[in-house]
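There are 2 protein chains.
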Amino acid sequence: MSEAVTAPAAVGDSEFDRDTAVTERAPGLHDIDLSEGWTIFGAVNGGYLLAVLGRALADTLPHGDPFSLTAHYLSASRPGPAVVRTETVRAGRTLSTGQASLLQYDEEGREVERIRVLASYGDLDALPDDVRTSAKPPAIPPPGQCFGPEGSPVPQGDQQPIADRLMLKLDPATVGWALGQPSGKGEMRAWFGLADGRDHDPFSLLLAVDALPPTAFDLGISGWVPTIELTVHVRARPAPGPVRVAITTRNLAGGFLEEDAEVWDSQDRLVAQSRQLARVLRG
Amino acid sequence: MSEAVTAPAAVGDSEFDRDTAVTERAPGLHDIDLSEGWTIFGAVNGGYLLAVLGRALADTLPHGDPFSLTAHYLSASRPGPAVVRTETVRAGRTLSTGQASLLQYDEEGREVERIRVLASYGDLDALPDDVRTSAKPPAIPPPGQCFGPEGSPVPQGDQQPIADRLMLKLDPATVGWALGQPSGKGEMRAWFGLADGRDHDPFSLLLAVDALPPTAFDLGISGWVPTIELTVHVRARPAPGPVRVAITTRNLAGGFLEEDAEVWDSQDRLVAQSRQLARVLRG
């Protein structure tokens, strides 16, 4: 008897969709149970949290697609119950602006804010088709020549819950750090998708920009690199299939660094750009 | 009788400092009169407004230097009275996070929000001296070989109030658009300072990142390019003297573009990085 062929999960009916869905308790107040499944070394992944906040804002604002979304990470989120408070700052014809906070409760039942987000939303399908992009897609070998957690020297996400949910294949040129030979260039490149085959949408792009190992590893730094602030611009609705993510750091100074990510879809379209400011905590 | 030699204005005692100073009316509530002097074609400059909001947050938070500041521009500010509401989101040891809104009043006396800001502040002087920056300062000819409003073909700011307050000298390689010959590269480079000789500080860097003509001009687009969202990272306290600002656009698509700015000080240090998402409104 042959194994049943599993069909890829559909957008709207996948683990990612279920785990990022918020339930509206009252206008501007949403409940969510942060899933253990998106943790790495006990910490809930920042991109997953961004998708949760992004969906709560999409439910709140008259427009459904994040165009520009900025998050300040205030304290570490834990798996379990959380609430998202949302506010409409401005509802315009083409764009709407909103604000959101992710909150959890400490042992004494006090609210602790985890993340605050400020974002402008629009309708990606309403944009004209003009493209005059001088940026070029990153040169990444085909996925079969890239490194995933299985049978690779890369410990990224190994045996971590999130690893089961991601399809992450690192460019061999940016995995030297795992063998003690970082390139020193501050680059990280990978193919990225959901493990269950769900295609990308604007919310999974929020996950894509913060799912690779830190570029600091490629600079020979092995400590924790917590994100202070992350801004994503979603520029187009992604075509089906995995995306390519290229991240670079140009300025490591004073204990902080920026990480710039570009996300390219299967049609060679630059679908998202992000920049984060992160702190380098030496191990 | 010879003309009196005017000494350069000092940080803290210059037109920029006076025009961005907010007065605290109550905790979290600040008054300001937005100066006519920082307008261009009737609109108050976005970078000047950022400096106003940035100073109100510095007065509110336990830390005084903007590390990462994001602004969403909601409606056009007009010269005249405005209020800035500020809120401390989180006060930490190394970093504090705050939020601010700039508000004005319409004819019926209703509050209209102009800009909302989310920012994290720290202490630039407390940072270690390590610098491992792979970015290179832009190659700009000396100021004497660059173009200012006086006697140049560039109409930027000509006879506009803000032009009297800025020292802006554009790289000849990025002024072709003013002669009908845009390079098509989406670049803009300039020397930038205050006209009264005031040296830079973190707040004038907020002005620096949004003071050059739009890169869209260098792409052959002449319409208005309003900023939707702008994020600035201030990475070091700038040394005395004018800074060099280099702005590039890599992705013009769907009627939107990003503008990435780097600001370099006289000691060849990358003191600020910014990215904005702007909309292209065809003229």
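Chains A and B supply the protein sequences, listed in that same order. If you count by the working numbering, then the first sequence holds residues 69 to 351, one letter each, in order. If you count by the working numbering, then the second sequence holds residues 69 to 351, one letter each, in order. Beta carbons: idealized from backbone N, C-alpha and C, even for Gly. Keep in mind that this is a model prediction, so the values were computed, not measured.
When the Cα atoms are used, D336 of chain A and R312 of chain A turn out to be separated by approximately 9 Å. Residue B:D193 holds the alpha-carbon nearest to the alpha-carbon of R305 of chain B among B:D193, B:P147, B:H98. At a Cβ-Cβ threshold of 8 Å, A279 of chain A and F260 of chain A count as neighbours. The criterion of a C-beta distance shorter than 8 Å is satisfied by L320 of chain B and R200 of chain A. With a threshold of 16 other beta carbon atoms within 10 Å, F109 of chain B falls short and is exposed.
Residue pairing from DSSP places S169 of chain A in a beta bridge opposite A:R153, A:R184. When Cβ-Cβ separations below 8 Å define contact, N319 of chain B makes contact with chain A. DSSP places Q228 of chain A outside both helix and strand once states are collapsed to three, so it counts as coil.
Below the 8 Å Cβ cutoff, chain A contributes H140, L142, E181, R184 as neighbours of V157 of chain B, in chain order. Residue pairing from DSSP places G148 of chain A in a beta bridge opposite A:L102. The stretch 292–304 of chain B and the stretch 169–176 of chain A do not touch, with fewer than 3 CB-CB distances between them shorter than 8 Å. Taking each of B:R266, B:I315, B:L275 in turn and checking the Cα distance to T283 of chain B, the smallest one comes out for B:I315. Residue-level contact by beta carbon fails for V293 of chain B and chain A, as no gap is shorter than 8 Å. Contact between A346 of chain B and V277 of chain B is ruled out by a C-beta separation of about 12 Å, above the 8 Å threshold. Rounded to whole angstroms, the separation of the alpha carbons of D239 of chain A and A329 of chain A is 15 Å.
At a cut-off of 8 Å between beta-carbon atoms, G322 of chain A makes contact with chain B. Three or more beta-carbon pairs drawn from the stretch 138–152 of chain A and the stretch 99–118 of chain A are found closer than 8 Å, and the two stretches are therefore classed as touching. For L129 of chain A, the closest C-alpha among the options A:G105, A:G288, A:S188 is that of A:S188. Contact residues of the stretch 198–212 of chain A toward chain B are D198, V199, R200, T201, S202, A203 (C-beta to C-beta distance below 8 Å). Counted as a single uninterrupted DSSP element, the beta strand (DSSP E) harbouring S342 of chain A occupies residues 338–347. Taken through DSSP and simplified to helix, strand or coil, G261 of chain A comes out as strand. Look at P196 of chain A: its C-beta is under 8 Å from a C-beta on chain B.
In this structure, the alpha-carbon of S103 of chain B lies about 10 Å from that of A150 of chain B. Taking the CA atoms as reference points, S164 of chain A sits about 41 Å from D197 of chain B. According to DSSP, Y141 of chain B shares a beta bridge with B:I183. Using a Cβ distance threshold of 8 Å, L236 of chain A and L262 of chain A do not count as a contacting pair.
Counting every other CB atom within 10 Å of its CB across the protein chains shown gives R161 of chain A a total below 16, marking it as exposed. DSSP places E326 of chain B in the uninterrupted beta strand (DSSP E) bounded by 324–332. Beta-bridge analysis with DSSP links E175 of chain A to no other residue.
When the five nearest sequence neighbours on each side are left out, the beta carbons in the same chain lying within less than 7 Å of the beta carbon of G244 of chain A are those of P250, S251, in order along the chain. With respect to chain B, the C-beta atom of F135 of chain A has a partner C-beta closer than 8 Å.
With contacts defined by Cβ atoms closer than 8 Å, Y141 of chain B and T295 of chain B form a contacting pair. Around the beta-carbon of R303 of chain B, 16 or more other beta-carbon atoms lie within 10 Å, marking it buried.
Short of 8 Å from the beta carbon of S82 of chain B, and not among the five residues preceding or following it, lie these beta carbons of its own chain, in chain order: L262, D264, R266.
No Cβ of chain B is located within less than 8 Å of the beta carbon of I315 of chain A.
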